[in-house]
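First residue of the sequence shown: 267, per our numbering; consecutive thereafter. No residue lacks a Cβ here, since even glycine has one placed at the ideal position from N, Cα and C. Keep in mind it's a predicted model, so treat the numbers as computed, not measured. Data first, discussion second: the structure below is written as structure tokens.
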Amino acid sequence: MTIETHILDINKAQDIQTAKDILLQGGRVAIPTETVYGLGAIATNEDAVKSVFVAKNRPLDHPLIVHIGNESQLNYWVDEISQAARCVMNVCWPGPLTLIFKKKPQVSSLISAGLDTVAIRMPGLRSIRDLIADLPHGLVAPSANPHKQLSPTTAEHVKQGLGGKIEAILDGGACDVGLESTILDVSGNELQILRAGPYSQEQLAQITNMHVAMPMSHSVKVAGNMKAHYQPITPLVLVESAELEDYIGVGNSQSYAVLHVDSASASAAKICFNMPTDRAGYARKLYQTLHQADHSKTDTIVVEVTPQIKSWPEIMNRLERASHR
Ligand code: AMP
Ligand code: MG
């Protein structure tokens with residue numbers, strides 16, 4: 267069944283009110299955040315939360331992140347906040363860091379997917395925090411894309427993926443960070459990164475003055491913790507700089523869209539996207555460029571990997587999952 271998806275403007279007070287009304291009635295509104303667009307629904311409304319899983323075609327065993335507008339909303343979800351958690355909250359919130367806490371018994375197992383923990387984040391965008399603070403307890407807001415597909419960093423991406431399936435999209439322009447939050451588990455004695463993201467392992471260790479573990483693979487249920495995820499429709503391959511020229515070279519009947527950092531080696535490609543060479547810049551452009559490449563009607567998307575890109579776990583994590591077939 268297709269429904270009408272209203273496009274709302276974050277700069278219009280009337281539209282913010284409409285977004286709140288839709289949410290309070292149990293509807294789904296895609297919201298901009300500094301990381302990626304989230305599919306918001308009132309976290310304490312079971313039917314609304316279920317409808318988020320339905321719109322995304324997301325399996326029920328993948329827990330959701332609760333987005334809060336202020337610290338007092340944390341009280342509904344959590345009662346134990348360790349010193350280390352306090353420390354990172356003080357420095358990183360609001361911002362692109364999700365924390366995993368022991369959950370209060372009242373937290374719906376739909377949100378925690380049966381785990382005894384709950385994931386909480388306070389988004390960086392002021393207007394979104396204000397919107398959430400006006401609603402009871404917070405919003406669940408998984409990325410506003412169909413399950414396993416590319417995350418959306420513009421309202422247009424959300425419309426392409428979920429238009430006709432959700433009640434509204436609040437357009438706030440392009441996301442500034444462009445990559446999903448770092449997920450840090452603060453529920454046990456050891457601090458552990460469950461998903462690499464904008465806050466690096468080194469930064470979190472420095473902030474907390476504690477050892478921060480980042481297991482290469484782990485069994486904890488995290489949506490990002492699947493081999494195939496963040497995928498464009500067009501097949502994607504990762505190619506080292508030294509092999510790039512040969513890979514896309516003449517005599518090959520395939521057409522390629524290439525994300526590269528070194529223009530010389532990509533010159534034979536039909537379509538090229540020159541990526542930024544700095545870490546934050548690369549992250550900001552990654553999904554946006556993959557969306558463009560996916561629309562370029564080529565046979566394959568090729569991503570050049572350099573030693574520098576390989577040293578960025580949050581980027582390699584997304585690229586490896588995007589290339590998994
Ligand atoms: P997304 O659905 O793209 O917003 O990603 C949300 C991420 O948070 C997923 O990777 C979830 O699996 C993860 N997550 C949510 N709750 C928990 C939890 N209690 N423990 C571990 N990971 C969680
Ligand atoms: Mg996602």
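Who does Gly304 pair with in a DSSP beta bridge?
BP columns for Gly304 point to Ile297 and Ser409.
Compute the Euclidean distance between the alpha carbons of His526 and Asn411, then round it to the nearest angstrom.
About 25 angstroms.
Opposite Glu570 in the DSSP bridges: which residues?
Val505.
Would you say the stretch 428 to 442 touches the stretch 339 to 356, given that touching needs at least three Cβ pairs under 8 angstroms?
With a cut-off of 8 angstroms, the stretch 339 to 356 and the stretch 428 to 442 do not count as touching, because too few Cβ pairs lie within range.
Is the distance from the Cβ of Ile366 to the Cβ of Leu460 below 8 angstroms?
Taking 8 angstroms as the Cβ cut-off, Ile366 and Leu460 qualify as a contacting pair.
Can you check which of these residues, Thr566, Val571, Trp578 and Thr572, is closest to Arg591 by C-alpha distance?
Measuring from the Cα of Arg591, the nearest candidate turns out to be Thr566.
What number of angstroms, rounded off, separates the C-alpha of Gly490 from the C-alpha of Leu445?
The predicted model places Gly490 with a pLDDT of 48, which falls under 50 and marks its position as unreliable; any figure quoted below should be read in that light. The straight-line gap from Cα to Cα measures roughly 12 angstroms.
Nearest neighbour of Ala309, chosen from Ala549, Gly292 and Ala532 [CA to CA]
Closest in alpha carbon position to Ala309, among Ala549, Gly292 and Ala532, is Gly292.
Looking only at DSSP bridge pairs, what is Ile435 linked to?
Ile435 pairs with Ile273 and Ala296.
Nearest by alpha-carbon distance to Thr299: which of Thr383, Ala421, Leu376 and Thr500 is it?
Ranked by how close their Cα comes to the Cα of Thr299, the residues Thr383, Ala421, Leu376 and Thr500 have Ala421 in first place.
Assuming Pro325 and Ala385 form a contact by the criterion Cβ under 8 angstroms, report the distance between their Cβ atoms to the nearest whole angstrom.
With 8 angstroms as the limit, Pro325 and Ala385 do not qualify as a contact, their Cβ atoms being about 16 angstroms apart.
Quick one: is the Cβ of Pro573 within less than 7 angstroms of any heavy atom of the ligand MG?
Taking 7 angstroms as the cut-off, one finds no heavy atom of the ligand MG near enough to the beta carbon of Pro573.
If I measure Cβ to Cβ from Ser602 and keep anything under 6 angstroms in the same chain, skipping five residues before and after, which residues do I get?
The displayed coordinates of the chain run from 267 to 591. Any statement about residue 602 would go beyond what the structure contains.
How would you call Lys563, buried or exposed, if buried means at least 16 neighbouring beta carbons within 10 angstroms?
Exposed: under 16 other Cβ atoms inside 10 Å.
Residues in its own chain within less than 7 angstroms of Thr543 by CB, not counting five upstream and five downstream?
Apart from sequence neighbours up to five positions away, the residues of its chain that approach Thr543 with a beta-carbon distance below 7 angstroms are Val527, ordered along the chain.
Does DSSP put Cys358 in a helix, in a strand, or in coil?
Judged by DSSP in its simplified three-state form, Cys358 adopts helix.
Within its chain, find whatever has a CB closer than 6 angstroms to the CB of Ile288; leave out the 5 residues flanking it on each side and keep chain order.
Only Val295, Glu433 and Ala434 meet the Cβ criterion.
Suppose the cutoff is 6 angstroms on Cβ atoms and the five residues either side in sequence are ignored; what does the same chain contact list for Tyr342 look like?
For Tyr342, the CB contacts under 6 angstroms within the same chain, skipping 5 residues up- and downstream, are His403 in chain order.
Let me confirm a value: Glu580 is counted as buried when at least 16 other C-beta atoms fall within 10 Å, else exposed. Which label applies?
A residue is called buried when at least 16 other Cβ atoms come within 10 angstroms of its Cβ; Glu580 meets this threshold and is buried.
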